[in-house]
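Visitor: Residues 515 to 792, numbered by full-length UniProt numbering, are exactly what the sequence shown covers, in order. What follows is a single structure, and I will ask about it in a moment.
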Amino acid sequence: SCKGHHRAFAIYRPELNKYSLQRLSLMSELRSALAEGQLKLYYQPKLMLADGQVSGAECLIRWIHPVHGFIPPDQFIPLAEQTGAIRDVTRWALKEAMHQQQKWSQAGLSLNMAVNISPLDLVDMQLPDIVADLFSQYNGNQGGLTLEVTESAVMSDPDMAIRALEKLKSMGVILSIDDFGTGYSSMAQLKKMPVHELKIDKAFVLDLATNSEDQIMVNTLLGLARHLGLKTVAEGVEDASSLAFLKRAGCHKAQGFYMSKPLPAADFDMWLKNYPES
Ligand code: C2E
Ligand code: CA
Ligand code: CA
Ligand code: CA
């Protein structure tokens, strides 16, 4: 019978079936998630290695779904990119980050906010206008805005992306190349890009304390950045000796679980009050 076929299918391909159904429902739910406040920004502190001061935070999105619970960004950002919903997600994240930055500013804290941008956000030229609108709404670029962009953003349509980045740069936005060293890097492209900062991916940092190949990679990436006149940030710092290595090697900033996981704004406040612990 028909019912029997369904059961047989469910027995042979249960994961695929469940997974694609979930994908389908997530895609249609993302828009209402935005409207209903199910998306949250978490904030991970970035330290300046020279003096240990907190310079700001990376803003990382979380979806607290009423049925599925916590959905990590790696599971829904790619879907949002496929459906085009990423534009609304990015717009929301930028607004939320600046709103929170304003609250911190009113409490006497000047924090640079780093927001992740999808490659697709650079393909349409709306992004600089969206940022300009938000600057006027939130009283300029106080504390500073950093946009973290992957290299692939520039590879798809270099001319378009570079124009968007130039415009953002002229508005005082700091541009950071995310996941540096992991993607399809193009040194020729990098040279043309109006960026300020390279962000060394955690793939090179997690085992930095003990892995000599990672140490060579990190030193090489830091050297490249130095020669290009770019600032450097390392993510994925999980222990004291990795932090010490980065400081000795001349990396400018660092973030990672050793300092703090990404936190909701209220917990970030608490963390700041207790920092430095010693
Ligand atoms: P990413 O931009 O490379 O972000 C760094 C990821 O490393 C974050 O994962 C962060 O929680 C994690 N991390 C930070 N420190 C450590 C550490 O010491 N150890 C380990 N093991 N991990 C660490 P998360 O928050 O799950 O985000 C995953 C990715 O999702 C991000 O990678 C980014 O590509 C994307 N994403 C997050 N929020 C947004 C957003 O608002 N917009 C867009 N377009 N993408 C976002
Ligand atoms: Ca990032
Ligand atoms: Ca990364
Ligand atoms: Ca990434």
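By construction, the Cβ of each residue, glycine as well, lies at the ideal position given by its N, Cα and C atoms. Computed from a prediction, not measured in an experiment: that's the story for all the values here.
Taking D692 as part of the alpha helix (DSSP H), name the residues at either end of that continuous run.
Guide: Translated into positions along the sequence shown, residue 692 becomes position 178. That residue, D692, is in no alpha helix (DSSP H); its beta strand (DSSP E) goes 688-694.
Visitor: Could you name the residues of the same chain whose beta carbon sits closer than 6 Å to that of S792, not counting the 5 residues immediately before and after it, in chain order?
Guide: In the sequence shown, residue 792 corresponds to position 278, counting from 1. Confidence in S792 is poor, its pLDDT being 47 and thus under 50, which makes the residue's placement too unreliable to answer from.
Visitor: Starting from the N-terminal side, write out each stretch of the beta strand (DSSP E) that is 3 residues or longer and does not extend beyond the segment 610-668.
Guide: Entirely contained in the segment 610-668, the beta strand (DSSP E) runs reaching 3 residues are, in chain order, 626-631, 659-664.
Visitor: Consult DSSP for A571 and reduce its assignment to one of helix, strand or coil.
Guide: Here residue 571 corresponds to residue number 57 of the sequence shown, with the count starting at 1. A571: strand per DSSP, three-state reduction.
Visitor: What are the start and end residues of each continuous beta strand (DSSP E) run of 3 or more residues lying completely inside the segment 533-559, in chain order?
Guide: With a minimum length of 3 residues, no continuous beta strand (DSSP E) run stays inside the segment 533-559.
Visitor: Answer yes or no: the CB of D643 versus the heavy atoms of ligand 3, is any distance below 6 Å?
Guide: Residue 643 sits at position 129 when you count from the first residue of the sequence shown. For ligand 3, not one heavy atom lies less than 6 Å from the Cβ of D643.
Visitor: I need the residues with a C-beta less than 5 Å from some heavy atom of ligand 2; please give them in chain order.
Guide: This selection yields N630, E662, D692.
Visitor: Are the beta-carbon atoms of F694 and I676 separated by less than 7 Å?
Guide: Along the sequence shown, read from residue 1 onward, the residue named residue 694 stands at position 180. Along the sequence shown, read from residue 1 onward, the residue named residue 676 stands at position 162. No; because the gap between Cβ atoms is not below 7 Å, this pair is not in contact.
Visitor: When the Cα of F782 is compared with those of C573, M541, R537, which residue comes out closest?
Guide: Position 268 of the sequence shown holds residue 782. Looking at the Cα atoms, C573 is the closest of the given residues.
Visitor: Have a look at S542, S569, C765 and flag the residue whose alpha-carbon is nearest the alpha-carbon of Q615.
Guide: Taking the first residue of the sequence shown as position 1, residue 615 is located at position 101. Among S542, S569, C765, the Cα nearest to that of Q615 is on S569.
Visitor: Do I575 and ligand 1 come close, with the Cβ less than 6 Å from some heavy atom?
Guide: Mapped onto the sequence shown, residue 575 falls at position 61. The answer is yes for I575.
Visitor: Find the nearest neighbour of I691 within the set T660, L561, D673, D671, judged by alpha-carbon distance.
Guide: Numbered from 1 along the sequence shown, position 177 holds the residue referred to as residue 691. When only C-alpha atoms are compared, the closest one is T660.
Visitor: Would V637 and D602 qualify as a contact pair, given that the criterion is a beta-carbon distance under 7 Å?
Guide: Within the sequence shown, the letter at position 123 stands for residue 637. Within the sequence shown, the letter at position 88 stands for residue 602. No. Outside cutoff.
Visitor: For ligand 1, is there any heavy atom lying closer than 6 Å to the beta carbon of D647?
Guide: Along the sequence shown, one-based indexing puts residue 647 at 133. Outside the cutoff, so no.
Visitor: Would you list, in sequence order, the uninterrupted beta strand (DSSP E) runs of no fewer than 3 residues that lie entirely inside the segment 723-782?
Guide: Counting only runs of 3 or more, we get 745-748.
Visitor: Does ligand 1 have even one heavy atom less than 6 Å from the beta-carbon of D638?
Guide: Translated into positions along the sequence shown, residue 638 becomes position 124. D638: no, Cβ never under 6 Å from ligand 1.
Visitor: Quick one: Cα of A702 to Cα of L720, how far?
Guide: Sequence index remark: in the sequence shown, residue 702 carries index 188 (1-based). Sequence index remark: in the sequence shown, residue 720 carries index 206 (1-based). Straight-line Cα distance between these residues: approximately 28 Å.
Visitor: In the DSSP assignment, what residue or residues form a beta bridge with F590?
Guide: The residue you call residue 590 lines up with position 76 of the sequence shown. The partner list for F590 (beta bridge, DSSP) is empty, contrary to what the question assumes.
Visitor: Given this structure, state the Cα-to-Cα distance separating C765 from T746, to the nearest angstrom.
Guide: As a first step, residue 765 must be located in the sequence shown, where it is residue number 251. As a first step, residue 746 must be located in the sequence shown, where it is residue number 232. Straight-line Cα distance between these residues: approximately 6 Å.
Visitor: For C516, count neighbouring C-beta atoms within 10 Å of its own C-beta (all shown protein chains included) and say buried if the count is 16 or more, exposed if not.
Guide: The count along the sequence shown starts at 1 and reaches residue 516 at position 2. Legend: pLDDT at C516 = 44, less than 50; position of this residue unreliable, value from coordinates given subsequently. That one is exposed.
Visitor: Quick check on the burial criterion: 16 or more other C-beta atoms within 10 angstroms. Buried or exposed for N630?
Guide: Here residue 630 corresponds to residue number 116 of the sequence shown, with the count starting at 1. Under this definition N630 is a buried residue.
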